[in-house]
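Note sheet for the following structure.
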Amino acid sequence: MRYSILEIDNNSSTIKEVLSLRYCPSLEIDKKKFVVDDFVPEEKPNYLQYIENSISSVIENEVNEQHISMALSGGVDSVLVMALLRKTMPDIKIDAISLKFADSVDETGIATNIANKFNAEHHIISIENFLEDLPKAISIVKMPFWDTHWFHIVKTASKFSTTLVSGDGGDELFGGYTFRYKKFLTNFTSNMTPLDKTKLYLECHQRDWVPDQTELFGLNANFSWNEIYSKIIPYFDNSLSPLDQVFLADINGKLLYNWIPLNSSFNKFFNLKPITPILSKELMVYAPHLKNSIKYDINNNVGKIPLREILAKHISPKLITPNKQGFSVNTVNLWNSYGKKICEYYLDNARIVNDKWISKDWIKKSLKKLDEKPDVRYINKFLGLLAFEIWYRIFITKEMNPNTKLSI
Numbered sequence: 001m002r003y004s005i006l007e008i009d010n011n012s013s014t015i016k017e018v019l020s021l022r023y024c025p026s027l028e029i030d031k032k033k034f035v036v037d038d039f040v041p042e043e044k045p046n047y048l049q050y051i052e053n054s055i056s057s058v059i060e061n062e063v064n065e066q067h068i069s070m071a072l073s074g075g076v077d078s079v080l081v082m083a084l085l086r087k088t089m090p091d092i093k094i095d096a097i098s099l100k101f102a103d104s105v106d107e108t109g110i111a112t113n114i115a116n117k118f119n120a121e122h123h124i125i126s127i128e129n130f131l132e133d134l135p136k137a138i139s140i141v142k143m144p145f146w147d148t149h150w151f152h153i154v155k156t157a158s159k160f161s162t163t164l165v166s167g168d169g170g171d172e173l174f175g176g177y178t179f180r181y182k183k184f185l186t187n188f189t190s191n192m193t194p195l196d197k198t199k200l201y202l203e204c205h206q207r208d209w210v211p212d213q214t215e216l217f218g219l220n221a222n223f224s225w226n227e228i229y230s231k232i233i234p235y236f237d238n239s240l241s242p243l244d245q246v247f248l249a250d251i252n253g254k255l256l257y258n259w260i261p262l263n264s265s266f267n268k269f270f271n272l273k274p275i276t277p278i279l280s281k282e283l284m285v286y287a288p289h290l291k292n293s294i295k296y297d298i299n300n301n302v303g304k305i306p307l308r309e310i311l312a313k314h315i316s317p318k319l320i321t322p323n324k325q326g327f328s329v330n331t332v333n334l335w336n337s338y339g340k341k342i343c344e345y346y347l348d349n350a351r352i353v354n355d356k357w358i359s360k361d362w363i364k365k366s367l368k369k370l371d372e373k374p375d376v377r378y379i380n381k382f383l384g385l386l387a388f389e390i391w392y393r394i395f396i397t398k399e400m401n402p403n404t405k406l407s408i
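Sequential numbering from 1 applies to the sequence shown in UniProt numbering.
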């Protein structure tokens, strides 16, 4: 045997969490975890001016080059940062970068209009096979995540500048996950226990797990939903309002335990200095204390209201798509074009199956189910298993070259 079982045992929690939550709360991170006291509502007079000044201050103090790169999706967060960047530094050269995924919703036209308005050079990166560079991306982040779109942003940004500005954090700090809030609040009842609320919260993340999740894992994984629940329950076992509990769980989820670690790894690999004005230390302390009604309009199901109101001072709301998807790939179409064949190839004699981490029967049964009817939940799960298998071959069996291209 070319590897020790201890190597994978040390990562077993990581694997179960990533395949159930798409983030890893067991991960050791540099950022401070948010706690209940951080979300106790406080009166915040002149909060719009405070938020705008804070974002502008970060730009003024941290952008020290005359040529920078910027990730531009065309959504509220990145456009607001772009507007304040241009206002604060009118002469700086900006190379704006957007991603265009094959057979997915194309919102780069919006980004182009924004780039033109703020005199930025716009680069649209067209990605035909989203999975092609997955081994390289996984070798950099050293974790089995399949959604590594930031790899493409950073790789391109490094060609133009040593600084990359982005609008990360708006959804978590200012209530952007409206689909989740609506579903949670619609199904919430006042007699729910913390465990009930935890299960409801995970029901609002259905694309991250499958109904037969327990059958997915092999004997060595020793999977238990209770182990997953234990990571989430503290966010719902407190005196916060139900919506603020969701905010608390969200900000301690993908932001802290997926995006920030992954993005930091990519930024470091490509020698880029990241600047995220919305995620400033100042706003990460200030924003959670804003009343949730300031951030989210429950009647109209609209979030990020403070950011929208600030942005309206600088640009017509008509230039922004109301339901912006951001850098998002259509995984059903990806499955039909590349994903199915790539997954079948790498999972046919999967090391993660041979070593009893994943069930061969589940793979066989679920592939047959997908042949009969596409289901985005199962497709996403197969992409997660593909990432796990690639990670396993790179770091455990050490048989895969990170420069391997996944193609058909």
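Where a beta carbon is used, it is the ideal one built from N, C-alpha and C, also for glycine.
Name the residue from the options whose alpha carbon lies nearest to the alpha carbon of residue i.
| i | options | result |
| --- | --- | --- |
| Arg370 | Asp208, Lys341, Trp357 | Reading off the sequence shown, one finds Leu at residue 370, where the question assumed Arg. Taking only the C-alpha atoms, the option nearest Leu370 is Lys341. |
| Lys182 | Ile233, His123, Asn301, Lys231 | Asn301 |
| Leu347 | Ser78, Ser264, Thr163, Glu389 | Glu389 |
| Asp237 | Glu227, Asp38, Pro194, Met89 | Pro194 |
| Tyr345 | Lys364, Ser328, Lys356 | Lys364 |
| Thr331 | Ile379, Val285, Arg308 | Ile379 |
| Ser293 | Phe39, Glu28, Lys33 | Phe39 |
| Gly169 | His123, Ile97, Gly253, Leu243 | Gly253 |
| Gly176 | Asp244, Phe223, Ser230 | Asp244 |
| Arg393 | Ala350, Ser230, Met82, Arg377 | Ala350 |
| Lys356 | Lys313, Leu219, Leu262 | Leu219 |
| Leu248 | Val36, Val105, Phe266 | Val36 |
| Lys16 | Glu203, Pro144, Lys33, Ser264 | Pro144 |
| Ala137 | Ser264, Pro274, Pro288 | Ser264 |
Residue i to residue j, Cα distance in whole Å?
| i | j | result |
| --- | --- | --- |
| Phe101 | Asp361 | 32 Å |
| Asn90 | Asn53 | Here residue 90 is Pro; the residue named in the question, Asn, does not match the sequence. Spanning the two alpha carbons is a distance of roughly 16 Å. |
| Asp212 | Ile94 | 47 Å |
| Val63 | Thr163 | 8 Å |
| Asn401 | Lys142 | 14 Å |
| Glu121 | Ser78 | 15 Å |
| Pro374 | Tyr286 | 43 Å |
| Lys155 | Phe270 | 7 Å |
| Ser280 | Ile310 | 17 Å |
| Ile209 | Tyr257 | One point to set straight first is that residue 209 is Trp, not Ile, in the sequence displayed. Approximately 17 Å, taken between the alpha carbons. |
| Leu290 | Trp391 | 40 Å |
| Lys268 | Thr276 | 15 Å |
| Pro234 | Asp250 | 13 Å |
| Ile92 | Glu282 | 25 Å |
| Cys343 | Glu132 | 12 Å |
| Lys117 | Ser73 | 15 Å |
| Tyr3 | Ser13 | Because the pLDDT of Tyr3 is 47, which lies under 50, any placement of that residue in the model is unreliable, and the number read from its coordinates should be weighed accordingly. Cα-Cα distance, rounded: 19 Å. |
| Ile396 | Ile29 | 23 Å |
| Leu406 | Lys197 | 40 Å |
| Leu240 | Asn403 | 47 Å |
| Lys31 | Ile260 | 9 Å |
| His205 | Leu80 | 27 Å |
| Ile55 | His314 | 14 Å |
| Ile114 | Asn222 | 49 Å |
| Ser366 | Val18 | 19 Å |
| Ser359 | Leu216 | 6 Å |
| residue 436 | Val353 | The question about residue 436 has no answer here: the residues shown for the chain are numbered 1 through 408. |
| residue 439 | Arg180 | No answer is possible for residue 439: it lies beyond the span of the chain, which begins at 1 and ends at 408. |
| Leu6 | Lys381 | The predicted position of Leu6 is uncertain, since its pLDDT is 43 and thus under 50; a value taken from the coordinates is nonetheless stated next. So the two alpha carbons sit approximately 25 Å from each other. |
| Lys398 | Pro25 | 26 Å |
| Leu272 | Asn61 | 17 Å |
| Phe327 | Pro135 | 20 Å |
| Lys231 | Glu372 | 35 Å |
| Met1 | Asn226 | Confidence at Met1 is low in this model, with a pLDDT of 41, below 50, so the placement of that residue should be treated as unreliable; the coordinate-derived value is given next. Those two C-alpha atoms are separated by around 33 Å. |
| Tyr50 | Pro41 | 16 Å |
State the CB to CB distance for the pair residue i and residue j, rounded to an integer number of angstroms; the pair is presumed to be in contact (CB under 8 Å).
| i | j | result |
| --- | --- | --- |
| residue 445 | Met70 | Nothing about residue 445 can be read from this structure; the chain reaches only from 1 to 408. |
| Ser139 | Glu65 | So it is not a contact: roughly 29 Å between Cβ atoms. |
| Gly76 | Leu319 | Reading off the sequence, residue 76 comes out as Val, not Gly. No, Val76 and Leu319 are not in contact; Cβ-Cβ is about 11 Å, not under 8 Å. |
| Ile298 | Leu185 | 7 Å |
| Leu173 | Ile127 | The pair is not a contact, with the Cβ atoms about 28 Å apart (cut-off 8 Å). |
| Leu262 | Trp150 | 6 Å |
| Gly384 | Trp146 | 6 Å |
| Ser337 | Asp103 | 6 Å |
| Phe188 | Leu200 | 7 Å |
| Leu84 | Ile59 | 6 Å |
State the beta-bridge partners of residue i as determined by DSSP.
| i | result |
| --- | --- |
| Lys100 | Ser126 |
| Lys273 | Thr163 |
| Ile68 | Ile94 |
| residue 438 | Nothing about residue 438 can be reported from this structure: the residues present for the chain run from 1 to 408 only. |
| Val302 | Asp297 |
| Glu121 | Asp95 |
With a cut-off of 7 Å, does the C-beta of residue i fall near any C-beta of chain B?
| i | result |
| --- | --- |
| Tyr235 | Structure shown: chain B not included; a single protein chain is present. |
Given 6 Å as the limit, tell me if residue i has its C-beta closer than that to any heavy atom belonging to the ligand ADP.
| i | result |
| --- | --- |
| Asn263 | No copy of the ligand ADP appears in this structure; indeed no ligand is present at all. |
Counting only runs that start and end within the segment 145-202, where is the alpha helix (DSSP H) found for 4 or more residues in a row? Counting only runs of 4 or more, we get 150-157, 170-174, 178-187.
Within the segment 341-398, note down every full alpha helix (DSSP H) run reaching 4 residues or more, in order along the chain. Runs of the alpha helix (DSSP H) lying entirely within the segment 341-398, each at least 4 residues long, are 351-354, 360-372, 376-391 in chain order.
For the segment 218-269, which segments carrying the alpha helix (DSSP H) assignment without a break, of at least 4 residues, lie completely within its bounds, in sequence order? You should have 225-232, 242-250, 260-269.
In chain order, what are the residue ranges of uninterrupted beta strand (DSSP E) at least 3 long that sit wholly in the segment 32-79? Complete beta strand (DSSP E) runs here, min 3: 67-71.
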